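The sequence shown begins at 306 in our numbering and counts up by one. A short write-up of the structure that comes next.
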Amino acid sequence: MAPQRFREQFDQIQRSMPEVPLAMGPDDSAEFFYEKGVVLARDGEEARLVEDTVRDHFTAMSGLTPDHVRRASPETNRTGITRIQVADPGQGVGEGDPTVAHALRSLRTTEGRAGRRLISRNHVVSIAVNACPGDEPVPVPLSEPPNPAPDGTPYDAGTAVGVLVIDTGLMHDYRSYPLLAHTEGDAQIRECDGDGVLCQYVGHGTFIAGLVAAVAPNTDVTVRNTLNDAGAILESELGEKLFEAVDRDGWPEILSLSAGTSNGRTDGLLGVHAFMEELRDQRTLLVAAAGNNASATPFWPAAYATLPGWEDSVLSIGALRSDGEFGACFSNHGGWVRAYAPGERLTGPLTGFASPVPYVYQHSTYDACRFGFLYACTCQSPRHNGVLSEPGEAPAKPDQVMFEGHAQWSGTSFATPVVAGLVASHMTAHKETAPRTAARQLLAATTEYAEVRGAHVPALLPPRWHPVPVGPSAGGS
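Shown next, in the form of C-alpha cells:
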C-alpha cells in the first residue's frame with residue numbers, strides 16, 4: 306500500500322487533471338505516477354511494432370483483451386512520440402495498472418534484441434511527485450528582506466542574459482515587486498479557489514523568477530505556465546510544451562526547470578527525448594532540479610547531466626539545508642547530481658505587493674520521516690493545520706494566513722533557479738556569452754563544498770545568501 310503522503314499528493318494531482326486517469330507505479334510502490342491504460346512509443350515503424358506486439362500478446366494471454374489497443378494520438382508530431390491506448394483508462398484503481406505492466410512486458414524480448422527501449426509509461430512530471438510531503442510557503446513580514454538578497458549588478462538590456470522558466474504562471478500583480486521589472490510571461494490561470502484561497506503551488510513560478518532576479522539582476526526572465534495543474538504535467542505533453550516555448554521565444558541562454566520524475570530506468574524519458582536531442586545541439590544550458598524524494602534514483606530530466614552527450618548541456622542541482630553545510634533531508638542525491646545550492650527556507654516573492662492573498666494550511670498525518678537526516682524533517686509532525694514550523698496539534702479550524710509579497714519556501718525547486726542565476730551572473734561578470742562555458746567555469750572555480758550523505762559535493766552559494774539556523778522547515782517542493 307502506498308504511503309499516505311504519496312496518496313495525498315496523488316489525489317491532489319488527480320483532482321487537478323480529472324480528464325487523465327492516473328496510477329502509481331511500479332505496482333503499488335508509488336515511485337512515480339503515470340497515465341493509466343496508455344503507453345508511449347516512437348512515431349513510425351516502432352509505434353506500429355509496439356501496437357501490433359501488444360495486441361498479439363493480449364490476444365494470446367488469458368484475462369487480457371486486445372479490444373482497447375489503438376492509437377490515442379496523431380501518428381506524427383514534434384515530440385516524435387505516439388500515445389497508444391492498451392486498456393480502458395477508467396477501469397481499475399490507482400495503485401498500479403496491471404494492463405500497462407503487461408504491455409511493457411510484451412516488448413521485453415524485442416527490446417533486448419534491439420538493445421534499446423521501445424515502449425514506456427507516460428509518467429507525470431511534477432514539482433513535487435512523491436516529495437517530502439505537502440509543503441507550503443510560509444508568509445514573512447514585508448520588513449524581512451529576500452534571501453538571497455538582491456545582487457547590486459545593474460540591468461543592461463544589451464547584455465541581459467535570457468532565462469526561460471518552465472513552471473506555474475506569474476501572479477497577476479507580480480510587476481509591483483521591484484525585482485521582477487524585467488520579467489514577463491504567462492499569467493497563472495487560476496490563482497484562488499471559490500473561497501478566495503490560494504491554490505496549491507500558485508506563486509511557485511513567481512517565487513522562482515524572484516530568486517533568479519535576486520541572484521542575477523542582469524537577466525530577462527520569461528515564465529511559462531506549463532505546470533499549472535498543481536505543478537504537474539504528463540511526460541508526453543511536457544515534450545510538446547517545451548518545443549512550444551522555444552518556438553515562441555527562441556532558445557534561451559538558460560532554461561530553468563524545477564520539475565521531473567523518476568521512472569525506474571537509467572536512460573531518460575521517452576516523451577521528452579526528442580527535445581533533449583535538440584537541446585544538445587543548441588547553446589542553451591538546462592538547469593534542472595534533482596527532485597525531492599531523498600533518493601539516489603535518477604530523476605529526469607536532471608539526470609541527463611551525466612548521460613554521454615549531455616554533460617555540457619544539462620546541470621543537475623540538489624538542495625542544501627538552511628545552513629549550507631549538508632544536503633537538505635528531502636533532496637535527491639547521488640553521482641548524477643552535479644552540484645548543490647541553498648534550497649531550504651529561502652525568502653522571495655510569492656505575489657507582488659499590490660493585493661494580499663489568503664492561503665489555508667491543511668496538513669495531514671504522514672508516516673514517520675524516512676529521511677531522518679540530521680534534523681527533524683517536517684513530515685514527522687502530527688496532523689497540523691498551521692505553519693509547519695509551528696509545533697502543536699491541529700486546531701479545530703484550519704489556519705488562514707495572508708501573503709503580502711514575501712514568502713519563505715523550501716525545496717530543490719528553489720536551489721535550481723539559484724544556480725540558474727549564478728550562471729547568468731557569471732556570464733555578466735566575465736562577459737561570457739556561452740552559458741555552458743560559464744557553467745563549467747563556475748564549477749571549476751567553486752571552492753565551497755558541503756556534505757551530502759557522507760559525500761563531499763560542490764556547493765554553489767550566492768554571495769548575498771545568508772545561512773539560516775537549522776530547524777523545522779517547510780518540506781520540499
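Heads up, the beta-carbon is just placed ideally off N, CA and C, and yes, glycines get one too. This structure is a prediction, so every number in the text was calculated from the model and none was measured.
I need the straight-line Cα distance from W714 to L651, nearest angstrom please. Near 6 Å, if we compare the C-alpha coordinates of L651 and W714.
Which residue or residues does DSSP assign as beta-bridge partners of M707? Residue pairing by DSSP places M707 opposite P663 in a beta bridge.
Taking all protein chains shown into account, do 16 or more other C-beta atoms lie within 10 angstroms of the C-beta of S448, making it buried, or fewer, making it exposed? Residue environment for S448: exposed (fewer than 16 other C-beta atoms within 10 angstroms of its C-beta).
Out of P450, E753, A486, which has the shortest C-alpha to C-alpha gap to F631? Minimum Cα distance to F631 is reached at E753.
Since Q746 is in the alpha helix (DSSP H), which residue starts that stretch and which ends it? Its alpha helix (DSSP H) spans residues 740-750.
Three-state secondary structure (DSSP) at C674? Only weak support exists for where C674 lies, its pLDDT of 37 falling under 50; the value from the coordinates is given anyway. In the three-state reduction of the DSSP assignment, C674 falls in the coil class, being assigned neither a helical nor a strand state.
Local Cβ density within 10 Å of R418, reported as buried at 16 or more and exposed below that: Result: exposed.
Can you check whether the CB of G474 is closer than 8 Å to the CB of A492? In this structure, G474 lies closer than 8 Å to A492 by Cβ.
Could you tell me the boundaries of the alpha helix (DSSP H) in which S411 lies? DSSP places S411 in the uninterrupted alpha helix (DSSP H) bounded by 403-411.
At the level of alpha carbons, what is the spacing between Q314 and A465? Cα to Cα, Q314 sits roughly 38 Å from A465.
For a test of the three-state rule: what should DSSP assign to G596, helix, strand or coil? DSSP, read as helix, strand or coil, puts G596 in coil.
Closest by CA to I386, which one among G349, H731, M732? Measuring from the Cα of I386, the nearest candidate turns out to be G349.
Integer-rounded CB distance, given that N533 should sit under 8 Å from I494: The beta-carbon distance between I494 and N533, rounded to whole angstroms, is 5 Å. This is short enough to meet the 8 Å contact definition.
Tell me where the beta strand (DSSP E) around T652 begins and ends. Secondary structure note for T652: its beta strand (DSSP E) is the uninterrupted segment 651-654.
Quick one: which unbroken beta strand (DSSP E) runs of 3-plus residues sit fully inside the stretch 504-581? Chain order, please. Whole beta strand (DSSP E) segments, 3+ residues: 524-529, 537-539, 559-562.
7 Å Cβ shell around V520 - same chain, five flanking residues per side excluded: Within the same chain, P453, D456, V723, G726, L727, S730, P767 come within 7 Å of V520 by CB-CB distance, once the 5 residues on both sides are set aside.
Below 8 Å on the Cβ atoms is my guess for L247 versus T384; work out the distance and round it to an integer in Å. This structure does not reach residue 247, given that the chain is present from 306 up to 782, and the question cannot be answered.
Are the stretch 389-397 and the stretch 371-381 touching by the rule of at least three beta carbon pairs closer than 8 Å? Contact between the stretch 389-397 and the stretch 371-381 is present, because at least three Cβ pairs lie under 8 Å.
Would you call the stretch 337-356 in contact with the stretch 543-555, where contact means no fewer than 3 C-beta pairs closer than 8 Å? Inter-segment contact for the stretch 337-356 and the stretch 543-555 is absent: fewer than three beta-carbon pairs are separated by less than 8 Å.
Taking V268 as part of the alpha helix (DSSP H), name the residues at either end of that continuous run. The question about residue 268 has no answer here: the residues shown for the chain are numbered 306 through 782.
Limits of the alpha helix (DSSP H) - the one that A725 falls within: According to the DSSP assignment, A725 belongs to the alpha helix (DSSP H) that extends over 717-735.
Under 8 Å between the Cβ atoms of Y482 and F658? Yes, Cβ-Cβ distance for Y482 and F658 is below 8 Å.
Taking all protein chains shown into account, decide if P661 is buried (16 or more other Cβ within 10 angstroms of its Cβ) or exposed. Counting other Cβ atoms within 10 Å of its Cβ, P661 stays below 16 and is therefore classed as exposed.
Should H689 be labelled buried (16 or more other beta-carbon atoms within 10 Å of its own) or exposed? Note that H689 scores 37 on pLDDT, short of 50, meaning its location in the model is unreliable; the coordinates nonetheless yield the value given after this. Burial call: buried.
State the Cα-Cα distance for the pair S367 and K341, rounded to the nearest angstrom. If I take the Cα positions, the gap works out to 20 Å.
Rounded to whole angstroms, what's the CA-CA distance from A408 to H578? Just pull it up for me. Inter-residue distance for A408 and H578 is about 21 Å (C-alpha atoms, whole angstroms).
Complete beta strand (DSSP E) runs within the stretch 458-501 (minimum length 3 residues, chain order): 466-471, 488-490, all fully within the stretch 458-501.
Cβ of S627 less than 8 Å from any chain C Cβ? Considering every chain present, this structure includes no chain C. It has just one protein chain.
Status (buried if at least 16 other CB within 10 Å, exposed otherwise) for E558: With 16 or more other Cβ atoms within 10 Å, it is buried.
Skipping 5 residues on each side, what residues in its chain have a beta carbon closer than 7 Å to that of P572? Reading off the sequence shown, one finds Asp at residue 572, where the question assumed Pro. Only R422 meet the Cβ criterion.
Report the rounded CA-to-CA distance for R410 versus T602, giving the unit in angstroms. Taking the straight line from one Cα to the other gives about 22 Å.
Since S636 and G623 should fall inside the 8 Å C-beta cutoff, what is the C-beta to C-beta distance between them, to a whole number of angstroms? Confirmed, Cβ separation roughly 5 Å.
Take E616 as the anchor and find which of N597, T566, V642, D628 has the nearest alpha-carbon. Nearest C-alpha to E616: V642.
Tell me the DSSP bridge mates of E756? Answer by DSSP bridge pairing, in chain order: F631, H761.
Thinking C-alpha only, which one of T358, F512, Q587, D500 is nearest P740? Closest by alpha carbon: Q587.
Taking DSSP as the reference, what is the three-state secondary structure of E324? Looking at E324 - three-state DSSP - the assignment turns out to be coil, as it is neither helix nor strand.
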